[in-house]
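Residue 383 in our numbering is what sits at position 308 of the sequence shown, and the numbering runs on without skipping anything.
This report refers to the structure that appears directly beneath it.
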Amino acid sequence: TLNDIWCDNMSGKVIAVGTAAPTPFLVSTNGGVNWIYDIGTGITTTIYGLKMVNANTGYASGSSGKMFKTTNGGLNWDSVSFVGATSTLYCTDFISVDTGWASGSSGTIYKTVNGGMNWTLQTTGITSTLYRIDMVNALTGYFIGSSGACRKTTDGGTTWTAQTPNYTSTLYWIDMKDVNSGYLVGIGGTLRRTTNGGANWDTVLTPISASQYSISFSNMNTGYVVGASGYTFRTSNGGTTWDIKNSGSSTINAVYSKGYDSAFIAGSSGMILKQYNALVGGITWNNNSPQKFSLEQNYPNPFNPVTTIKFAIPHTAKISLKVYDILGREVEVLFNNVEFNPGTVTYDFDGTNLASGVYFYSLIANNSLIETKRMVLVK
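The structure is reproduced here in structure tokens:
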């Protein structure tokens, strides 16, 4: 399992970190085309957090209070002295090669100002597990964690003030674009957005009601969300509409993107994917408010080989969308019991693998048939 990932578009370097066996570090120097698998052999620490300050220098945090540092783009990792830390460190964040923080179990946060040579324990005032810390600059930053923990510092971590994202379950990731604006995600499809420094957090619906584990926004409008559903969501308008891509994996733990057109994702079973504009023209979810379930006629019809299927969901429901041949045999499953939030879904169905003929597509919500329509594939 991989827990975090980073890429540098200029140099082509990609680094992924995860479980210790056979090695917690994977590195590519050509944009993910090839990977070096024998880095960190002998390190038995599971790595959860990764922060590259630049293309050469970075830090990784993991189990048993262990920290590691690289100065050559991830090709070698040296152990960082960490006196007193024994609990898991789920995240690390650095604003320079010298100044950084590490957070983890039991509400612990440590700070260094000399590149990891020495660390100071900071007081957070809570005992929740802290899954992510995001420092915007030397003074202002945020952390999130279990039981809806969310706090902010404006003095470099000396003191932390409680924020109110109005959520009591676990929060897994926070991505602040500046001292005032950013997003956080967590259990149950939670996506919250602030534009006033955490004073208020507004709910932003995502297409599928599943736990979200990671986000990566290049600005407040454009970003990616991934999680337990195995789907990647991408927006360019702050969450009004989302492009959807199925990764084929059961769980995605991390996403890293510096722009709208591409992203690296990492997750269960050592999965790493680089996503391009393939998200465009596939599946789109619109955050509107339909009054009832509906399934529209595909267009164009007849088609060859791509046609658009559109359906509406008035409330959260487990959705299946299936295609059958003229004999009633199931030939394609587009969605299978996926829990969608309310909205309108547009699906570009590709019939390349099917023969010419008459087909039927059915929308099923919570195991009840909503509607079936006829379409004709002509090659």
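Every residue gets a Cβ at the ideal spot worked out from N, C-alpha and C, and that includes glycine.
- [ ] Can you tell me which of the three DSSP states Gly133 falls into?
- [x] strand
- [ ] Output the distance between the C-alpha atoms of Gly223 and Ile290, rounded to the nearest integer angstrom.
- [x] 17 angstroms
Task: Pair within 9 angstroms by beta-carbon distance, Phe100 and Trp152 - done: yes
Task: Contact set for Val300: own chain, Cβ-Cβ below 7 angstroms, skip 5 residues either direction - done: Cβ within range, chain order: Val260, Leu266, Thr281, Gln287, Ile290, Phe308.
Open item on the list: For a quick check, are the C-beta atoms of Lys397 and Tyr436 less than 9 angstroms apart?
Closed with: yes
- [ ] Note down, in chain order, each residue of its chain lying with its Cβ closer than 7 angstroms to the Cβ of Glu405, except the 5 sequence neighbours on either side.
- [x] Excluding positions up to five away in sequence, the list reads Lys397, Tyr399.
- [ ] Find out if the Cβ-Cβ distance for the pair Thr132, Thr145 is shorter than 9 angstroms.
- [x] yes
Task: Contact set for Thr163: own chain, Cβ-Cβ below 6 angstroms, skip 5 residues either direction - done: Ser138, Gly179, Ser180
Task: Neighbour flag for Gly93 against chain C, beta carbons, 9 angstroms - done: Within the model displayed, chain C is absent; a lone protein chain is all it includes.
TODO: Between the Cα of Gly87 and those of Ser103, Met295, Asp79, spot the shortest distance and give me the residue it belongs to.
DONE: Out of Ser103, Met295, Asp79, the CA that lies nearest to the CA of Gly87 is found in Ser103.
Open item on the list: My assumption, with CB atoms under 8 angstroms, is that Asn78 sits in contact with Tyr134. Please give the rounded CB distance.
Closed with: Not really, about 14 angstroms apart at Cβ, beyond 8 angstroms.
TODO: Can you give me the start and stop residues for the beta strand (DSSP E) that Ser154 sits inside?
DONE: 153-155
Task: CA-to-CA distance, Asp253 to Val155, given in whole angstroms - done: 29 angstroms
Task: Unbroken beta strand (DSSP E) run spanning Met127, endpoints - done: Judged by DSSP secondary structure, Met127 falls within the beta strand (DSSP E) whose first and last residues are 122-127.
TODO: Would you mind sorting Asn363 into buried or exposed? The rule is 16 or more other CB atoms within 10 Å of its CB.
DONE: With fewer than 16 other beta carbons inside 10 angstroms of its own, Asn363 counts as exposed.
- [ ] Please go through the same chain and pick out, in chain order, the residues whose beta-carbon is closer than 6 angstroms to the beta-carbon of Thr199, but skip the five residues on each side of it.
- [x] A distance below 6 angstroms between beta-carbons, with the five flanking residues on each side excluded, links Thr199 to the following residues of its chain, in chain order: Gly182, Ile184, Trp235.
Task: Sheet register partners of Gln197 (DSSP bridge) - done: DSSP lists Ile184 as the beta-bridge partner residues of Gln197.
Task: Option in Ile319, Val420, Asn411 with minimal Cα separation from Asn441 - done: Asn411
- [ ] Could you name the residues of the same chain whose beta carbon sits closer than 6 angstroms to that of Thr116, not counting the 5 residues immediately before and after it, in chain order?
- [x] Thr98
Task: Whether Ala285 touches Gly263 by CB criterion (9 angstroms) - done: yes
Task: Residues sharing a beta bridge with Val279, DSSP - done: According to DSSP, which records beta bridges pairwise, Val279 is partnered with nothing at all.
Task: Segments of 3+ residues assigned as beta strand (DSSP E) that fall wholly inside the stretch 284-361 - done: 287-292, 298-302, 306-310, 316-321, 327-331, 338-342, 347-350, 358-361
- [ ] Could you work out which residue in Leu444, Tyr434, Ala392 is closest to Thr419 when comparing CA atoms only?
- [x] Ala392
Task: CB of Val451 within 9 angstroms of CB of Pro389, strictly - done: Result no, Cβ atoms of Val451 and Pro389 do not sit closer than 9 angstroms.
Open item on the list: Beta-carbon within less than 7 angstroms of Ala338's beta-carbon, same chain only, minus the 5 sequence neighbours each way: which residues are those?
Closed with: Around Ala338: Ser291, Tyr299, Val330, Tyr331, Ser332, Gln350.
Open item on the list: Let me check understanding here. Comparing Cα to Cα, which of Val172, Ile208, Asp209, Met210 lies closest to Leu192?
Closed with: Per the sequence shown, residue 192 should be read as Met rather than Leu. For Met192, the nearest C-alpha among the options comes from Val172.
Task: Runs of alpha helix (DSSP H) wholly within the stretch 241-270 (minimum 4 residues, chain order) - done: none
- [ ] Return helix, strand or coil for Gly190, following the three-state DSSP convention.
- [x] coil
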